[in-house]
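In our numbering, the protein residues as written are 3 to 361.
Using N, Cα and C, we set each Cβ at its ideal position, and we do this for glycine too.
As the structure is a prediction and not an experimental result, all values here were calculated from the model.
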Ligand code: GTP
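Shown next as structure tokens:
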């Protein structure tokens, strides 16, 4: 079976993390995010994955190459201009000979049971089956209303509260028959959520919904991105935590060294070769990338530090993401910010007022 992952978006809401890499390569607990999705597809018997690429496509192609390293065949459908979520599928259609095919948005963390979605698809006889999840606030998503037989009745993109009649939203996980691609116009930007699916309904094409009770999170904003880290550390989603669990909820990568005079408050993940010095405090809720150094008396809490970041003596980070190779000099303090890769914050700096994860 084939899978398609939509990975062409610019990921503007995750800037600055997406300035120099596409969203699927942004690390999540020290692994490029897309690797979790490849694991999921492989677990359900997908052998070939087509990545629909546009923004920073070359970086994706270099990292995932032919897929061999991930136990899959990976091919690329490249767009010269972004074609939108349906246009991207149309652009990949020639690579899909038989159906059904599983389609994923490239920015969702989930452990959804794809076998169950496929079963719903087969039993309903639909041409398209959308996985739905229930959320508390459907006004930020695409609301999907089902009838009693599980057929999609209507779509409402980002509804206002007085339009909310259900809480089931489009999870960005679909099973499609290739015939659906014939309904997508070629060569222009088309949205699958706003254009293609509503048109299928209008034309009487059967579209089903499968309500999943699994873990699901769209990681596309800073607060959700941090949340995804904490959910993995709390093992609320069934994905492995990298490293060896040396004591409950403390994971150490190879060569990680922690001074006996340092304090670790779980949950914490330390990447390979991390060094935590005397008097430093790390945690709770911290992920430190490979080769991070936390110097004497420095502290980090509710924070994600990319590889080779350095916290100088007495520096403090909380509720923040420091992208790779950021350096905080002695006494610098970061609270509630996303900091771009390679930044250097001088002695005692306390930047304020930049956008960051909400508290
Ligand atoms: P924002 O700029 O922060 O909204 O992020 P985004 O560009 O990723 O957009 P959005 O989260 O709405 O996209 C949902 C999924 O569709 C993501 O996995 C995107 O990579 C993907 N996507 C969005 N637009 C395109 C496109 O034009 N082409 C391709 N191939 N994928 C797209």
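Item: Contact belief for residue 334 with residue 314 at Cβ below 8 Å, rounded distance in angstroms; Value: 7 Å
Item: Distance cut-off 7 Å: residue 90 Cβ against heavy atoms of ligand 1; Value: yes
Item: Cα-Cα separation, residue 193 to residue 317; Value: 45 Å
Item: Own chain partners of residue 13 with C-beta closer than 6 Å, once the 5 adjacent residues on each side are dropped; Value: 20 and 25
Item: CB of residue 269 within 8 Å of CB of residue 244, strictly; Value: no
Item: Simplified DSSP state of residue 177, which is helix, strand or coil; Value: strand
Item: Nearest to residue 104 (by Cα), restricted to the options 8, 176 and 130; Value: 176
Item: Environment of residue 297 [buried if 16+ CB atoms lie within 10 Å]; Value: buried
Item: Whole-angstrom distance between residue 46 and residue 116, CA atom to CA atom; Value: 7 Å
Item: Identity of the residue in 291, 240 and 302 nearest residue 264 by Cα; Value: 302
Item: Nonlocal neighbours in the same chain, by C-beta distance under 6 Å from residue 259, ignoring five residues either side; Value: 277
Item: Best match in 347, 124 and 319 for proximity to residue 101 [C-alpha to C-alpha]; Value: 124
Item: Cβ pair residue 305, residue 320 closer than 8 Å; Value: yes
Item: Which residues DSSP lists as bridging residue 212, in chain order; Value: 133
Item: Collapsed DSSP secondary structure at residue 16 in the structure displayed; Value: helix
Item: Run of the alpha helix (DSSP H) containing residue 126, from where it starts to where it stops; Value: 116-126
Item: Closest Cα partner of residue 253 within the set 128, 238 and 290; Value: 290
Item: Residues near residue 240 by beta carbon distance below 6 Å, same chain, minus five either side; Value: 113
Item: Near ligand 1: residue 81 beta-carbon under 7 Å from a heavy atom; Value: yes
Item: Where residue 339 sits in the DSSP three-state scheme; Value: coil
Item: is_contact[residue 86, chain B] using C-beta, thresh 8 Å; Value: In the displayed structure, chain B is absent; only one protein chain is listed.
Item: Short Cβ contact (8 Å threshold) for residue 145 with residue 154; Value: no
Item: 8 Å contact criterion, which residue 133 and residue 212 should meet: CB distance rounded; Value: 5 Å
Item: Three-state secondary structure assigned by DSSP to residue 274; Value: coil
Item: First through last residue of the beta strand (DSSP E) which encompasses residue 253; Value: 252-254
Item: DSSP three-state assignment for residue 77, whether helix, strand or coil; Value: strand
Item: Nonlocal neighbours in the same chain, by C-beta distance under 6 Å from residue 34, ignoring five residues either side; Value: 27
Item: Proximal residues to residue 75 (C-beta, below 6 Å), its chain only, five neighbours per side dropped; Value: 50 and 69
Item: C-alpha distance - residue 220 paired with residue 16, whole-angstrom precision; Value: 12 Å
Item: Whether residue 152 touches residue 208 by CB criterion (8 Å); Value: no
Item: Residue 9 Cβ short of 7 Å to ligand 1 heavy atom set; Value: yes
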